[in-house]
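Accompanying notes for the structure given below.
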Amino acid sequence: MTTLGALAVDRDDLELRLVWPQWSAAHLDTEIAELATVPMERLTRQGGPGALPSGALVLLTGATSSKLRGRTACAMESLLRGMAQDGCRALAVQTTSPAPQPFPQTLRDVADETGIALLVTTASAQRWQHARSHLQQCRLAASEESAARLNALVAQLPSRLADPRAMQRMVDWLAQTLDAQVLVSRPPRALAASSDTAVQHLSWAVIRQSIGGQGVPAPGDLHVQLVPLAPTVAGNAVLAVGRPTALGESDMRLVRHTAKAVGLVDQAGHEFRARNDAARAALAAAVELLLAAEVDKARRVLAALVPGLLDSDDSDAARIYVVETARGHRQDAVDQCESVVDRRALVAADPYSESRLLVVQPVRPGPAPDDRLVRELTRLVGALGPNTRMGGSGAYPLGKLGDALREALTALRCARHRPDSVALSVQHADLVSLLPQNEAHAWALHLLRPLLHDRAHWPTLRDTLPTALAHPCTVAARRLALHRNTLARRVTKAGELLSADLSQVSNKVAVTLALEIATQRGALPDPPAAVGDAAPAPSLERLLCAPEVRAWGRTLLGAARADRRRLITTATAWLACNLHVEPAARALGVSHVTVRSHLRTLEGHLARDLTSLSGVRDLSFSLHVVTGRPLGTVVGEEAQAGV
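Take the sequence shown: its position 215, counted from the start at 1, is 215 in the UniProt record's numbering, and no numbers get skipped.
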């Protein structure tokens with residue numbers, strides 16, 4: 001848009017001269033939007049032209065004298081006050097022979113009061129008519145430029161207001177458009193800056209404003225404008241713009257529009273993060289409810305957050321995947337995992353570890369499992385870098401997801417030894433599902449028969465034994481919320497009923513396997529009146545002769561048998577010594593360090609945790625079916641030797 005300085009200095013044909021205030025830079029930079037002509041005769045006779053266009057230069061024509069006195073001066077004073085109300089910029093008087101100072105002191109005082117510049121011109125009306133056309137063309141060009149700028153500003157708005165990069169893009173665009181330095185700040189920190197120098201050059205102005213230091217001159221020749229972001233969550237956020245030349249009115253309009261858009265983006269980001277954090281907290285609470293076997297409560301929480309994900313008609317089981325990443329990078333892993341999962345599973349940060357996150361995948365009924373999600377998660381683990389690994393569980397009923405988590409954590413330990421940093425229990429079929437079901441059920445009930453017949457102790461033994469046999473006494477007591485002496489008495493009672501030493505690993509494995517088969521990962525009912533006393537039960541060795549089990553054992557031990565180290569020999573000696581490393585080392589004639597190293601390598605090959613009873617069970621049974629290693633004394637089978 002044309003400025004007053006451009007008309008007074010650049011247009012010699014207009015013979016326009018600023019006489020009050022004399023050559024003020026502030027007035028020379030004033031933008032002129034339009035030219036309005038007022039005849040002197042009309043001003044003196046009718047008292048004024050009425051409403052005038054905003055931003056106009058008013059040209060007073062037909063002055064009879066270069067000296068403005070008396071009635072003419074009074075009429076001009078009224079004109080100046082009316083111009084101020086209408087938002088006009090300057091008043092030019094057309095004369096034939098201008099005096100050095102044609103305006104009396106009273107008019108100059110009113111000009112100072114209203115901020116309107118006073119000028120004189122000796123150009124003809126025809127020249128001013130050309131100037132009017134020029135101003136109209138400039139106004140049209142300015143309107144087109146303003147529309148283009150606003151369109152460009154709208155184009156910078158993100159498709160998602162919560163886009164974390166949106167504010168930076170808008171700041172960079174404004175800096176390029178105005179050839180200026182731009183900073184968005186909410187003390188004490190910058191939210192976005194067009195460059196590092198923008199923070200250095202503009203932060204002083206933000207700090208001065210925050211302590212009430214308005215009107216402080218800029219360092220050097222930098223002109224700085226501060227515009228509050230509106231609306232904002234915090235009221236002291238500002239958009240600061242600085243450049244060597246002052247911003248014109250159209251530039252300031254663009255700055256104000258940008259500040260408003262940036263403020264909306266800032267507010268949307270805060271609200272999105274608040275809602276997202278609340279949703280994530282609710283999802284984490286739902287996952288914790290599932291792990292605590294509070295399935296109905298978890299479903300009520302998830303009904304509004306992820307409708308249909310855990311409907312009781314479609315999903316009664318789930319798998320858990322545990323992803324471990326570098327400390328401090330978990331939130332990025334959560335964000336990417338949520339994108340990969342896309343509402344097909346639950347993603348939550350592990351409340352007990354700052355480096356782990358949990359993925360709970362519902363298992364839908366069907367002839368074949370859907371492994372697309374696990375393939376996508378495996379690719380994500382590779383993309384997240386070498387410090388990321390993942391372990392997964394098999395399918396568990398929703399009420400037993402605590403067990404699924406323990407299995408996934410076991411697999412996570414094994415993932416450290418695998419090339420792709422992923423270990424999934426579903427890579428190998430579960431042993432229980434491969435056993436001949438009817439025969440396995442008969443064997444389990446026969447082994448557990450002494451416990452089932454003891455109605456007084458059965459409920460407590462049923463709930464205690466799986467944990468008591470799988471963990472050291474202190475750990476098991478803590479998990480069961482029992483005193484360790486109480487727990488020891490119950491295990492002793494079970495050993496007496498079974499006539500077995502439950503400190504032997506072979507007996508531990510047999511009893512826990514029988515409990516798992518009989519319950520099928522659910523709770524055993526109260527003991528029946530009779531438990532098939534007449535029907536003979538098969539032996540455990542006979543169950544393990546099934547072709548599916550033998551194939552499972554060969555697959556499980558395939559990598560270990562191909563290893564050049566004597567891993568199989570070490571594992572056999574370790575099991576024979578009831579899981580004691582020192583006796584196994586003496587029997588093998590090696591150091592205990594070698595035995596421990598071989599066992600850690602075995603964990604990687606088997607994807608099993610050999611500190612857990614389930615891992616030891618799979619190792620023991622796979623060694624039996626592949627190498628013929630004896631199972632050892634198995635409780636309840638002394639009377640079945642001939643079966």
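Don't be surprised by glycine CBs; every beta carbon is placed ideally from N, CA and C.
Rounded straight-line distance, which links the Cα of residue j to that of residue i
i: Thr627; j: Phe621; result: 10 Å
i: Gly48; j: Gln129; result: 21 Å
i: Arg375; j: Ala268; result: 35 Å
i: Ala476; j: Asp463; result: 12 Å
i: Arg127; j: His134; result: 11 Å
i: Gln101; j: Val110; result: 15 Å
i: Leu247; j: Glu354; result: 49 Å
i: Thr30; j: Leu4; result: 6 Å
i: Pro217; j: Thr245; result: Bear in mind that the predicted position of Pro217 carries a pLDDT of just 48, short of 50, making it unreliable; the figure below should be weighed with that in mind. Rounded to whole angstroms, Pro217 to Thr245 spans 14 Å at the Cα level.
i: Val575; j: Leu448; result: Rather than Val, the amino acid found at residue 575 in this sequence is Leu. Approximately 24 Å, taken between the alpha carbons.
i: Pro21; j: Gln176; result: 35 Å
i: Ala440; j: Leu543; result: 7 Å
i: Ala534; j: Thr512; result: In this prediction, Ala534 has a pLDDT of 44, which is less than 50 and means its spatial position is unreliable; nothing more can be read from the coordinates.
i: Val643; j: Val625; result: Unreliable positioning characterises Val643 in this predicted model, as indicated by a pLDDT of 32, which lies under 50. A coordinate reading is not provided.
i: Glu407; j: Gly392; result: 7 Å
i: Leu579; j: Ala404; result: 25 Å
i: Gly522; j: Ala293; result: For Gly522, the pLDDT reaches just 47, beneath the cut-off of 50, and the residue's location in the model is therefore unreliable, leaving the point undetermined.
i: Thr197; j: Val171; result: 14 Å
i: Ser551; j: Arg300; result: A quick correction: the sequence has Ala, not Ser, at residue 551. Roughly 43 Å separates the two Cα atoms.
i: Ala514; j: His446; result: 9 Å
i: Arg253; j: Val58; result: 24 Å
i: Leu557; j: Thr611; result: 18 Å
i: Asp12; j: Ala192; result: 45 Å
i: Ser185; j: Leu174; result: 15 Å
i: Ala6; j: Leu28; result: 8 Å
Residue closest to residue i, alpha-carbon to alpha-carbon, out of the options
i: Leu567; options: Leu346, Leu357, Arg596; result: Arg596
i: His223; options: Arg186, Arg319, His270, Asp179; result: Asp179
i: Leu540; options: Leu610, Arg564, Ser506; result: Ser506
i: Val347; options: Ser353, Glu354, Cys337; result: Cys337
i: Ala8; options: Ala75, Thr37, Leu91, Arg299; result: Leu91
i: Leu482; options: Leu461, Ile320, Ala560; result: Leu461
i: Ala99; options: Leu18, Gln181, Leu140, Ala117; result: Leu18
i: Asn438; options: Ala278, Ser124, Ala537, Cys138; result: Ala537
i: Ala383; options: Ala442, Leu487, Ala333, Ala205; result: Ala333
i: Thr37; options: Val93, Glu15, Arg344; result: Val93
i: Leu305; options: Gly328, Arg280, Thr594; result: Arg280
i: Ala56; options: Leu68, Leu118, Leu239; result: Leu118
i: Met83; options: Ala123, Leu35, Arg564, Thr95; result: Leu35
i: Ala259; options: Arg273, Gly394, Arg344, Ala166; result: Ala166
i: Tyr352; options: Ala285, Arg489, Ala317, Cys74; result: Ala285
i: Arg418; options: Glu603, Pro362, Glu41, Arg565; result: Glu603
i: Arg343; options: Asp316, Thr325, Leu310; result: Leu310
Cβ distance (whole Å) where residue i is taken to contact residue j below 8 Å
i: Val509; j: Leu613; result: 7 Å
i: Ser421; j: Thr388; result: 6 Å
i: Gly158; j: Val265; result: The sequence given here has Pro at residue 158, not Gly. Right, their Cβ atoms sit about 7 Å apart.
i: Leu358; j: Val287; result: 6 Å
i: Leu226; j: Ala237; result: Between Ala237 and Leu226 the Cβ distance is about 11 Å, and since that is not below 8 Å, they are no contact.
i: Ala468; j: Leu487; result: 6 Å
i: Ala205; j: Val199; result: At roughly 11 Å, the Cβ-Cβ gap does not stay under 8 Å, so Ala205 and Val199 are not in contact.
i: Thr106; j: Ala73; result: 6 Å
Buried/exposed call for residue i, threshold 16 Cβ in 10 Å
i: Ala261; result: buried
i: Asp251; result: buried
i: Gly50; result: exposed
i: Arg330; result: buried
i: Cys414; result: buried
i: Cys88; result: buried
i: Gly213; result: For Gly213, the predicted structure reports a pLDDT of 40, less than 50, and the residue's modelled location is therefore unreliable. A value from the coordinates is still provided. Classification for Gly213: exposed.
i: Gly263; result: buried
i: Leu599; result: buried
i: Gln85; result: exposed
i: Leu140; result: exposed
i: Tyr396; result: buried
i: Ser124; result: exposed
i: Glu582; result: exposed
i: Thr570; result: buried
i: Thr2; result: buried
heavy atom of the ligand HEM below 8 Å from residue i C-beta
i: Gln85; result: With respect to the ligand HEM, the structure shown offers nothing to examine, as it has no ligands at all.
**Asked** Can you give, in chain order, each stretch of the alpha helix (DSSP H) that sits fully within the region 15-84 and has at least 4 residues?
**Response** 25-28, 40-46
**Message:** My parser needs the beta strand (DSSP E) runs of 3 or more residues fully inside the UniProt domain "PucR C-terminal helix-turn-helix" (567-624); what are they?
**Reply:** none
**Message:** So within the region 371-401, which uninterrupted alpha helix (DSSP H) runs reach at least 4 residues, ignoring any that extend past its ends?
**Reply:** Complete alpha helix (DSSP H) runs here, min 4: 372-383.
**Message:** Please give the ranges of any beta strand (DSSP E) in the region 293-377, keeping only runs that are unbroken, at least 3 residues long and fully inside the region.
**Reply:** 317-324, 346-349, 356-363
**Request:** List in chain order: all unbroken alpha helix (DSSP H) runs of 4+ residues lying wholly within the region 92-149.
**Result:** 105-114
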